[in-house]
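In what follows, a single structure is set out as structure tokens and then discussed.
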Amino acid sequence: MALAAIYVQLYRDLPNKYTASLLVLSLALLLYAGTSNPVVHNVFGFRPRPNIGAFVFLPDFFIGLAILVLLYQSQT
1 MALAAIYVQL
11 YRDLPNKYTA
21 SLLVLSLALL
31 LYAGTSNPVV
41 HNVFGFRPRP
51 NIGAFVFLPD
61 FFIGLAILVL
71 LYQSQT
């Protein structure tokens, strides 16, 4: 949410295609994080993902890493 807020502020100051794409990317990642949450799955009645070890954890780890990199780049 912090990344999306930063990109909204950046888009207000400098509205162009690049900042709009950063805003869309951050919102897409935010939606991914929300929809991959098991609590959301239980609220809507879906069964949780099968437990197959690291293959469940690694994609979420890399998405989190991408968010951290984008957050770092937006602060510099």
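The opening residue of the sequence shown carries number 1 in UniProt numbering; numbering runs sequentially from there. Even glycine gets a Cβ: it sits at the ideal position worked out from N, Cα and C.
Assuming residue 4 and residue 31 make a contact with CB atoms under 8 Å, what is their CB distance in whole Å? Actually they are not in contact, since the Cβ atoms of residue 4 and residue 31 sit about 10 Å apart, beyond 8 Å.
Would a C-beta distance cut-off of 9 Å place residue 74 and residue 18 closer than the cut-off? no
Under DSSP, the alpha helix (DSSP H) around residue 34 begins and ends at which residues? 17-35
Only counting the same chain, and skipping five residues up and downstream in sequence, which positions put a Cβ closer than 7 Å to that of residue 20? 11
Do you know offhand how far residue 35's Cα is from residue 14's? 30 Å
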